[in-house]
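K.L.:
If you scroll down you'll find the structure; I have some questions about it.
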Amino acid sequence: MNHARSGPRPNPQNVYYSPRRAARRQAMRRRYILILAGAAVLCLWACFGLAGLIAAGLHREPDVPAVVPVQTVDEPAPEDNTLRIAVDAGHGGSDIGAEGVVKEAEMTEATARALIELLEADDRFTVVLCRDWSVRSTPTERGEEAARQGADLLLSIHGNSWEGSSQDVHGFESYPCVPGSAYYEESMRFAQLVCQEISAAGGTLRGNGGIRYIYFDEDDDRIIREQGDETVTGMPTFSILEHAGCPALLVEQCFVTSATDVALFGDEDGVQLAAQCYYNAICAWADGLAD
Ligand SMILES: [Zn+2]
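Structure follows, in C-alpha cells:
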C-alpha cells in the first residue's frame, strides 16, 4: 500500500509516529493538492487563451489595419472635390495582349503607371484604378469598376499590332464613346485634346485626325467609322466605354509591331512621353469643364 496516496494512519507500533507531524503532513498534502489544482486551472486557461489567439490569427485579414473601418465592395467612393480619373492598363495578368517589339501588356502598364504618377502629384485629381495589376479582368468589369468608384473620366491604354506584311504600319488611334451615347460630346472633347498632344509630340494620327468610332455587328465583327461620320448606329462599341459611366476614351498608343512607333511611344522614354501627353490633355479637359 502506498501511504502517500492515503490519509495518515496512527500506528502505535511506529516509534516515529507523532500526531502533530501527521497533521502537518496532511496540511502539506492539502496545500500540495490545492497548488496542483491551481496549476491545472492556470494551464487550461492558458491553453484556451492560446487557441483563441490562433483562431483569431487565422481569421484576420492580413492587410487590413484593425482600427480603420474597412470600406466594403458595395460602398460608394467618398465624396471629394477632385476629379476622379480612371486609368486603365488595357492588358495585364495572364492577358498579355499583342506582342511585337514590346509586349502590349508591359507597354500599357508602364504608361499607366507613369500617368498615375503625374496625376497623383496633382491635387486636382484622384486616380481611380480599374483593375488589380496582376489579375486578368474583362473590359466590362473594368468599366464597371470605374463607374463604381465614381470616375469622371476614363482613359484605357492599348497598343496596336500589325501582322499583315513587312510594311511598317504605325500611328496613333483613339476611340471615344460613340455618337448618340450619353458621354459622346465630352469623350470627343477629350479625344481631340489627346490627339493634339500626341501630334505635337511627333506622333502620326491615323484615320481622320486620330479619332475613330468602333462598332460591333451581330456577328461581333468590327465596323470602324472615321471622325466626321457621326451617324447614330445604336450598335455596341468597346464595352469598357459603355460601362464606365463617364466620358471615356480608348487609345491605341502605338503599334507594338512597329520599331518606329515603339521608339516614339513604346519604349522606356516613349511611355513617359505618352503619359505626359495624356496628362496634359487631362489638365486641358479639366480646365474646359470649369469654363
Ligand atoms: Zn489591347
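Those letters in the sequence shown? Residues 140 to 430, by my numbering.
Glycine residues also receive a C-beta, built at the ideal position from the N, C-alpha and C atoms.
These figures come from a predicted structure and were not determined experimentally.
#1: Might you give, ordered along the chain, the residues of its own chain that have their beta carbon closer than 8 Å to the beta carbon of Gly348, omitting 5 neighbours on each side?
#2: Quick check on Trp424: buried or exposed, where buried means 16 or more other Cβ atoms within 10 Å of its Cβ?
#3: Whole alpha helix (DSSP H) runs in the region 324-387 with 4 or more residues, listed along the chain?
#4: Tell me the DSSP secondary structure of Ala225 in three-state form.
#5: Which residue's Cα is closest to the Cα of Val353: Leu254, Pro278, Thr376?
#6: Relative to ligand 1, what is the chain-ordered list of residues with a Cβ closer than 5 Å to any of its non-hydrogen atoms?
#7: Please report the straight-line C-alpha distance between Gly231 and Val274, rounded to a whole angstrom.
#8: One question on the structure: do Leu268 and Val226 come within less than 8 Å of each other, judged by their Cβ atoms?
#9: Using a threshold of 8 Å, state whether the C-beta atoms of Val240 and Ala413 are closer than that.
#10: Based on the DSSP output, what are the partners of His297 in its beta bridges?
#11: Please check the pair Gly282 and Ile379, which I expect to be a contact at CB under 8 Å, by giving their CB distance rounded to whole angstroms.
#12: Could you spell out where the alpha helix (DSSP H) holding Glu283 opens and where it closes?
#13: Can at least three beta-carbon pairs, one atom from the region 386-398 and one from the region 302-322, be found at a separation below 8 Å?
#14: Which same chain residues, not among the five before or five after Gly346, have their C-beta less than 6 Å away from its C-beta?
#15: Can you give me the C-alpha to C-alpha distance between Glu280 and Thr250, rounded to a whole angstrom?
#16: How would you call Ala253, buried or exposed, if buried means at least 16 neighbouring beta carbons within 10 angstroms?
#17: Tell me whether Tyr322 sits in a helix, a strand or coil according to DSSP, three-state version.
#18: Apply the 10 Å Cβ neighbour rule to Leu294 and answer buried if 16 or more other Cβ atoms are within range, or exposed otherwise.
#19: Can you tell me which of Ser326, Glu243, Phe355, Glu245 puts its alpha carbon nearest to the alpha carbon of Ile224?
#20: Between the C-alpha atoms of Gly289 and Gly384, what's the straight-line distance to the nearest angstrom?
#21: With a CB to CB cut of under 6 Å and the five nearest residues on each side skipped, what residues in its chain are close to Ile363?
#22: Are the Cβ atoms of Cys422 and Gly298 separated by less than 8 Å?
#23: Can you find the residues in the same chain that come closer than 7 Å, C-beta to C-beta, to Ile296, ignoring five residues on each side of it along the sequence?
#24: Around the C-beta of Trp272, are 16 or more other C-beta atoms found within 10 angstroms, so that it is buried, or is it exposed?
#25: Is it right to say Ala339 is buried, meaning 16 or more other beta carbons lie within 10 angstroms of its own, or is it exposed?
#26: Any idea if Glu407 is buried or exposed, counting beta-carbon neighbours within 10 angstroms, 16 or more meaning buried?
#27: Which class does Phe404 belong to by DSSP, given the choice of helix, strand or coil?
#28: According to the neighbour-count rule (16 or more other Cβ atoms, all chains shown, within 10 Å of its Cβ), is Ala420 buried or exposed?
#29: Between the Cα of Arg287 and those of His382, Val401, Gly427, spot the shortest distance and give me the residue it belongs to.
P.N.:
Concretely, from the data shown:
#1: To locate residue 348, count along the sequence shown from 1; it is residue 209. Here the set comprises Gln331, Cys334, Gln366.
#2: Within the sequence shown, numbered from 1, the residue matching residue 424 stands at position 285. Classification of Trp424: buried, given that the 10 Å Cβ count is 16 or more.
#3: 378-382
#4: Indexing the sequence shown from 1 puts residue 225 at position 86. Of the three classes helix, strand and coil, the one that applies to Ala225 here is strand, per DSSP.
#5: Within the sequence shown, residue 353 is the residue found at index 214, counting from 1. Looking at the sequence itself, residue 353 is Ile, so the reference to Val does not match. The candidate whose alpha carbon is nearest that of Ile353 is Thr376.
#6: Gly229, Gly236, His297
#7: The sequence position of residue 231 within the sequence shown is 92, counting from 1. The sequence position of residue 274 within the sequence shown is 135, counting from 1. Roughly 6 Å between the two C-alpha positions.
#8: Working through the sequence shown from its first residue, we reach residue 268 at position 129. Working through the sequence shown from its first residue, we reach residue 226 at position 87. Yes.
#9: Counting from one through the sequence shown, the residue named residue 240 turns up at place 101. Counting from one through the sequence shown, the residue named residue 413 turns up at place 274. No, Cβ-Cβ distance for Val240 and Ala413 is not below 8 Å.
#10: The residue given as residue 297 occupies position 158 in the sequence shown. Glu391, per the DSSP bridge assignment.
#11: Reading the sequence shown from its first residue, position 143 is the one you call residue 282. Reading the sequence shown from its first residue, position 240 is the one you call residue 379. About 4 Å separates the Cβ atoms of Gly282 and Ile379, confirming a contact at the 8 Å cut-off.
#12: On the sequence shown, position 144 is the one that residue 283 refers to. Counting along the chain, the alpha helix (DSSP H) containing Glu283 begins and ends at 278-287.
#13: yes
#14: On the sequence shown, residue 346 is found 207 positions in, with the first residue counted as 1. The answer, listed in chain order, is Glu365.
#15: Here the question's residue 280 lines up with position 141 in the sequence shown. Here the question's residue 250 lines up with position 111 in the sequence shown. Approximately 21 Å, taken between the alpha carbons.
#16: Within the sequence shown, numbered from 1, the residue matching residue 253 stands at position 114. Ala253 should be labelled buried.
#17: Sequence index remark: in the sequence shown, residue 322 carries index 183 (1-based). Correct three-state label for Tyr322: coil.
#18: Stepping through the sequence shown from its first residue, residue 294 is reached at position 155. So Leu294 ends up on the buried side.
#19: Locating residue 224 in the sequence shown gives position 85, counting from the first residue. Nearest C-alpha to Ile224: Ser326.
#20: Along the sequence shown, one-based indexing puts residue 289 at 150. Along the sequence shown, one-based indexing puts residue 384 at 245. Distance between the alpha carbons of Gly289 and Gly384: 8 Å.
#21: Residue numbering aside, residue 363 sits at position 224 when the sequence shown is read from its first letter. Excluding residues within five positions, the ones whose Cβ falls inside 6 Å are Arg351, Ile353.
#22: As a working note, residue 422 is residue 283 in the sequence shown. As a working note, residue 298 is residue 159 in the sequence shown. No, they are not a contact pair.
#23: Position 157 of the sequence shown holds residue 296. Taken in chain order, the residues that qualify are Asp227, Ala228, Gly229, Thr247, Thr250, Ala251, Val390, Gln392.
#24: What you label residue 272 is simply residue 133 of the sequence shown in a count that begins at 1. So Trp272 ends up on the exposed side.
#25: Counting from 1 along the sequence shown, the entry for residue 339 is found at position 200. Flag for Ala339 reads exposed.
#26: Numbered from 1 along the sequence shown, position 268 holds the residue referred to as residue 407. Looking at its Cβ environment, which holds fewer than 16 other Cβ atoms inside 10 Å, Glu407 is exposed.
#27: The count along the sequence shown starts at 1 and reaches residue 404 at position 265. Helix, per DSSP.
#28: Indexing the sequence shown from 1 puts residue 420 at position 281. Burial of Ala420 is indicated by the presence of at least 16 other C-beta atoms within 10 angstroms of its C-beta.
#29: Counting from 1 along the sequence shown, the entry for residue 287 is found at position 148. Considering only alpha carbons, the answer is His382.
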